[in-house]
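Below: one structure, written as structure tokens.
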Amino acid sequence: MKKIDGKKVAADLRLELKKKVSELKSKYNAVPGLTVILVGEDAPSKIYVKNKEKSAIEVGINSKIIKYPENLEEKVLLDKIGELNNDKEVSGILVQLPLPKHINKRKVIETIAHEKDVDGFHPMNVGNLSSGHDSSIPCTPLGCSLLLKQTEKNLSGKHAVVIGRSNLNGKPMTQLLLKENCTVTITHSKTKDLKTECLRADIIIAAVGIPKLVKGDWVKKDAIVIDVGINKTESGLVGDVDFDEVSKVAKAITPVPGGVGPMTIACLLSNTVECFKKAQSK
Ligand code: NAD
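Using the numbering used here, the first residue of the sequence shown is number 6, and each one after it goes up by one.
Here you go:
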């Protein structure tokens, strides 16, 4: 069994991006800029935003965080996004989710210029991804896809089972697997016999939010298992996959922590660099 080392793959990607940013700086006399907007005091969000900033600085991306209080008026946020949309120094805009309840998340996402949507949540990017056109791709599924390709060069014809159908993970993951010519089954909370579906899979992507849902006897011998889940339990952080059981059966598996998690931020930086490049070549 191979333990897929997301930490190492993410560190390699950051190194590659650092080189790219330095080349872009020489070419354009400018560097990519990422602006992250944080509204309120959500503790995990504060940690994510700090980590994003640290990683952005590491690769040479110009990073800026804008913080607003919980009671922020929606209009102020939308106006700020409008301003950033027109700011040439800003290549990518990310509004950290979740937002306070009084702010319309959809309106916020749709206000971000799709060319600067480094999260890949704008309907234009969602549509382009599902049509097979160039788009920003949501960071976590993009990270999963890179880990998969590191593990298995040719994914064509493999049967992939995606557990979870969120806009953030399951749905874009499905599109990325289709792009690799996988046969994809997407499963969710109403799926009747998840174990049987999983047993047919050459590849399992678990993005559910239920600790250790996927058991050893749900997994075909030599399957590849990517665990997106991050669940806080009394015994620490665990994924959606029972690592101890599944690692005895699978050909390769991502650990939690140290698997998909580190890839998410690295892919955010990659999306920022791509947005910068596209803006320069216009
Ligand atoms: P979500 O709550 O938006 O979606 C969960 C999905 O799981 C839903 O589509 C639901 O239908 C499905 N589901 C629920 N119960 C099920 C069951 N019993 N059987 C099959 N499917 C079931 O969650 P999300 O935002 O997609 O996040 C999923 C997990 O991934 C969470 O643990 C989250 O913390 C984690 N996550 C990790 C990263 C990362 O960087 N590694 C990023 C985002 C989310």
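Backbone N, C-alpha and C fix where the C-beta goes; we use that ideal spot for every residue, glycine too. What you are looking at is a predicted structure, and each value in this text was computed from that prediction instead of being measured.
List the residues that DSSP assigns as beta-bridge partners of D232. Partner(s): A211.
Using only the alpha-carbon positions, how far apart do N133 and I191 sit? The straight-line gap from Cα to Cα measures roughly 20 Å.
Given K220, which residues of its chain have a CB within under 6 Å of its CB, disregarding the five upstream and five downstream residues? Within the same chain, K220 has close Cβ partners D247 and E250.
Please determine, among E279, A284 and S286, the residue with the shortest C-alpha to C-alpha distance to K25. Between K25 and the set E279, A284 and S286, the nearest pair of CA atoms involves E279.
Can you determine whether any heavy atom of ligand 1 sits closer than 8 Å to the C-beta of L181, and answer yes or no? Ligand 1 has no heavy atom closer than 8 Å to the beta-carbon of L181.
Kindly indicate which three-state DSSP category K51 falls into: helix, strand or coil? Of the three classes helix, strand and coil, the one that applies to K51 here is helix, per DSSP.
Spatial neighbours of A228 within its chain, please: CB distance less than 7 Å, with the 5 preceding and 5 following residues excluded, ordered by chain position. The beta carbon of A228 sits closer than 7 Å to the beta carbons of A206, D207, I208, I209, A255 and K256 from its chain, once the five residues preceding and following it are set aside; these are given in chain order.
In chain order, what are the residues with a CB under 6 Å from some non-hydrogen atom of ligand 1? In chain order, the qualifying residues are T145, I168, G169, R170, S171, L173, N174, G175, T192, H193, S194, T196, L199, A212, V213, G214, I215, V233, G234, I235, N236, V265, G266 and T269.
Just to confirm, are N130 and G162 a CB contact at a threshold of 9 Å? Their beta carbons are not under 9 Å apart, which means N130 does not touch G162 by this criterion.
What is the residue span of the alpha helix (DSSP H) that A16 lies within? Start and end: G11 to Y33.
Assign I66 to one of three DSSP states: helix, strand, or coil. Here I66 sits in coil by DSSP.
Following the continuous beta strand (DSSP E) through A165, name the residue where it begins and the one where it ends. Run containing A165: H164 to I168, per the beta strand (DSSP E) assignment.
Just mark L20 as buried or exposed, buried being the case when its beta carbon has 16 or more other beta carbons within 10 Å. Under this definition L20 is an exposed residue.
Taking DSSP as the reference, what is the three-state secondary structure of K217? It is coil, neither helix nor strand.
At 4 residues or longer, what runs of the alpha helix (DSSP H) sit wholly inside the region 170-197? Those alpha helix (DSSP H) runs which fall completely within the region 170-197 and span 4+ residues are 175-184.
Alpha-carbon to alpha-carbon, S140 and H119: Approximately 9 Å, taken between the alpha carbons.
Where K158 sits in the DSSP three-state scheme: Look at K158 here: in three-state DSSP terms it is coil, with no helix or strand label.
List, from N- to C-terminal side, the alpha helix (DSSP H) runs of 4 residues or more that fit wholly inside the region 128-156. Complete alpha helix (DSSP H) runs here, min 4: 128-135 and 144-156.
Quickly, what does DSSP pair K72 with across the bridge? List them, please. Residue pairing from DSSP places K72 in a beta bridge opposite L43.
Is it the case that the region 49-64 contacts the region 264-281, given that we only count it when at least three CB pairs across the two stretches are under 8 Å? Contact check between the region 264-281 and the region 49-64: three or more CB pairs, one atom from each, fall below 8 Å, which counts as touching.
Determine, using beta carbons only, whether D10 and G263 come nearer to each other than 9 Å. When the beta-carbon positions are compared, D10 and G263 come within less than 9 Å of each other.
Considering G241, what are the terminal residues of the alpha helix (DSSP H) in which it resides? Element bounds for G241: not the alpha helix (DSSP H) but the beta strand (DSSP E), G241 to V243.
Nearest-angstrom Cα distance between L242 and V230? The straight-line gap from Cα to Cα measures roughly 18 Å.
With V100 as the anchor, note down where its alpha helix (DSSP H) starts and where it stops. Annotation: V100 is outside any alpha helix (DSSP H); the continuous beta strand (DSSP E) that includes it extends over G97 to V100.
If you reduce the DSSP assignment to three classes, tell me which class A255 lands in. Residue state, collapsed to three classes: coil.
Three-state secondary structure (DSSP) at L110? Checking the sequence shown, residue 110 turns out to be Lys, not Leu. Looking at K110 - three-state DSSP - the assignment turns out to be helix.
Chain-order list of residues whose beta-carbon lies under 8 Å from that of G266 (same chain, five-residue window excluded): Apart from sequence neighbours up to five positions away, the residues of its chain that approach G266 with a beta-carbon distance below 8 Å are G11 and I235, ordered along the chain.
If you run the structure through DSSP and keep just helix, strand and coil, what is V278? DSSP places V278 in the helix class (H, G or I) of the three-state scheme.
Three-state secondary structure (DSSP) of D249: When secondary structure is reduced to three states using DSSP, D249 falls in the helix class.
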